[in-house]
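The structure appears right after this line, and notes come after that.
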Amino acid sequence: NVLFIDTDAVPALESRPGSLVQNEVEVELVFQTIETLIASGVDEAALGIISPYRSQLRLIETRFKHRPGIEILTVDRFQGRDKDCVVASLVRSNGKQKIGELLRDWRRINVAFTRAKRKLIVI
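This is the structure:
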C-alpha cells in the first residue's frame, strides 16, 4: 500500500540554511503521521523514516528523541534494509518547482520507495 500526503495546499516550503535543504513543516507532518501509526497499534520497531537529506533527518531525529525504536536513515543508509512501514520525507517544496539533484536520481528514489514491506507513506 502506498499513501501520498499532498502538501500543495500547506505552506510547507523548504528552507535552505547555508547549503542545506530542510522542511520544518514536513518534519511536523512526519511526526503526526508516525504518532498516529503508533497510537493505532503499530510497533516502533516496525517503523522507518527515510529522506535523501541529512539535514532533514537531523530535524526529524530531534523531534523523535522519545522514540528510539524508530529507524531514521538516509536513503543510502537504508539500502539493503526494510521495515513494515516507511515514511519518506522528500523535503523539496519551492516556488521554482526544482527537485534538486538527489531526487533526480531514479536509483535513489527506487531505494526509497522499495524499503517498505507493507505500507509506504510519501510526504
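In full-length UniProt numbering, the protein residues as written are 1 to 123. Glycine included, C-beta positions come from ideal geometry on N, C-alpha and C. Every value quoted in this text rests on a predicted model; they were computed, and no experiment measured them.
{"query": "N-terminal and C-terminal residue of the beta strand (DSSP E) that residue 40 is part of", "result": "Premise fails: residue 40 is in no beta strand (DSSP E) and is neither H nor E."}
{"query": "According to DSSP, residues forming a beta bridge with residue 48", "result": "71, 86"}
{"query": "Test item: CB-CB of residue 60 and residue 91 under 7 Å", "result": "no"}
{"query": "Proximal residues to residue 74 (C-beta, below 7 Å), its chain only, five neighbours per side dropped", "result": "51, 52, 54, 57"}
{"query": "In DSSP terms, what residue 116 is bridged to", "result": "83"}
{"query": "DSSP-derived helix/strand/coil call for residue 3", "result": "strand"}
{"query": "Residue 1 and residue 119 closer than 7 Å at C-beta", "result": "yes"}
{"query": "Residue 59 - containing alpha helix (DSSP H), residue span", "result": "54-63"}
{"query": "Beta-carbon proximity check, residue 82 vs residue 46, cutoff 7 Å", "result": "no"}
{"query": "Heavy atom of the ligand PLP within 6 Å of residue 61 beta-carbon", "result": "Among the ligands in the structure shown, none appear at all, so the ligand PLP cannot be discussed."}
{"query": "Buried or exposed by the 16-neighbour rule on C-beta atoms within 10 Å, applied to residue 4", "result": "exposed"}
{"query": "Per-residue burial, residue 32 [other beta carbons within 10 Å of its own, 16 or more giving buried]", "result": "exposed"}
{"query": "Cβ distance (whole Å) where residue 86 is taken to contact residue 34 below 8 Å", "result": "Incorrect: roughly 11 Å between the Cβ atoms, too far for contact."}
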